[in-house]
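Q: Residue numbers for the sequence shown follow my numbering, beginning at 52 and rising by one. Before anything else, here's the structure in question.
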Amino acid sequence: MFFYKLRFILSYLIILTLIYSCSPRISRHGNFFSQDDIKLLQSTKLNKSEILEILGQPSTRSTFSDNVWYYIFFIQKERAYFKVRNTSNTVLKIKFDNKQNVKSYNIIQNKNSIKIPINNDTTETSAFKRGLVREFLDSFVRRLESKD
């Protein structure tokens, strides 16, 4: 009787562990901004330092101008044994005028984003084909020969 109860309890714990491990894990990445932050952007004329105070440092800045900032935020859902997938992507693009005040902003979400597949190609290097030690010795020999 005791072994029957013990086997039942252990089976129950194993099943609970398996079920719990299959529950999704949701993680947030990037600069989170709330609806209140967006309302504040809409209702007031903020400058760069105020934006930094409210939203923090931007995720990235435009390559061509320091007056365009991007705040990137995405949510990922992960399940055991399955591929991680993004459930939500949001980008806040803020443009500033020459006086450092917010000129305009734009929110880009999932429906406006483009799905780009990851390229798994690798770049070949000749150093690893011949061996690192061989390359080192060859360069050493070339230096000795060039001193003549």
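For each residue, glycine too, the CB sits at the ideal point set by N, CA and C.
1) Could you give the distance in angstroms between the alpha-carbon of Pro-168 and the alpha-carbon of Gly-81?
2) Below 8 Å on the Cβ atoms is my contact criterion, and I expect Lys-96 with Asn-152 to pass it. Report the Cβ-Cβ distance as a whole number of Å.
3) Taking the beta carbon of Pro-75 as the centre, do at least 16 other beta carbons fall within 10 Å, making it buried, or is it exposed?
4) Is it buried or exposed for Val-142, if we count other Cβ within 10 angstroms and need 16 for buried?
5) Near Ser-85, what residues of its chain come up, given a Cβ to Cβ distance below 8 Å and the 5 sequence neighbours on each side ignored?
6) Mapping the DSSP letters down to three states, classify Leu-143 as helix, strand or coil.
7) Can you tell me which of the three DSSP states Tyr-71 falls into?
8) When the Cα atoms are used, what is the spatial distance from Asn-140 to Ile-159?
9) Note down, in chain order, each residue of its chain lying with its Cβ closer than 8 Å to the Cβ of Tyr-55, except the 5 sequence neighbours on either side.
10) Helix, strand or coil for Lys-96? Go by DSSP, reduced to three states.
11) On the three-state DSSP scale, how would you describe Ile-169?
12) Which same chain residues, not among the five before or five after Val-135, have their C-beta less than 7 Å away from its C-beta?
13) To the nearest angstrom, how far is the alpha carbon of Glu-186 from that of Ser-110?
A: The structure says:
1) As a first step, residue 168 must be located in the sequence shown, where it is residue number 117. As a first step, residue 81 must be located in the sequence shown, where it is residue number 30. Spanning the two alpha carbons is a distance of roughly 21 Å.
2) Residue 96 sits at position 45 when you count from the first residue of the sequence shown. Residue 152 sits at position 101 when you count from the first residue of the sequence shown. In this structure, Lys-96 and Asn-152 form a Cβ contact; the two beta carbons are roughly 6 Å apart against a cut-off of 8 Å.
3) Walking along the sequence shown from the start, residue 75 turns up at place 24. Flag for Pro-75 reads exposed.
4) If you number the sequence shown from 1, residue 142 lands on position 91. By the neighbour-count rule (16 or more Cβ atoms within 10 Å), Val-142 is buried.
5) Start at 1 with the first residue of the sequence shown, and residue 85 comes out as number 34. So the list is empty, once near-sequence residues are dropped.
6) Your numbering for residue 143 matches position 92 in the sequence shown. Reduced to three states, the DSSP call for Leu-143 is strand.
7) Counted from its first residue, the sequence shown places residue 71 at position 20. Note: Tyr-71 maps to helix in three-state DSSP.
8) The sequence position of residue 140 within the sequence shown is 89, counting from 1. The sequence position of residue 159 within the sequence shown is 108, counting from 1. The alpha-carbon atoms of Asn-140 and Ile-159 are separated by roughly 8 Å.
9) Numbered from 1 along the sequence shown, position 4 holds the residue referred to as residue 55. Correct list: empty, nothing qualifies.
10) Along the sequence shown, one-based indexing puts residue 96 at 45. Three-state result, Lys-96: coil.
11) By 1-based counting over the sequence shown, the position of residue 169 is 118. Ile-169 falls in the coil class under three-state DSSP.
12) As a working note, residue 135 is residue 84 in the sequence shown. Once the five neighbours on either side are set aside, the close Cβ partners of Val-135 are Gln-127 and Glu-129.
13) Position 135 of the sequence shown holds residue 186. Position 59 of the sequence shown holds residue 110. Going from the Cα of Glu-186 to the Cα of Ser-110 covers about 41 Å.
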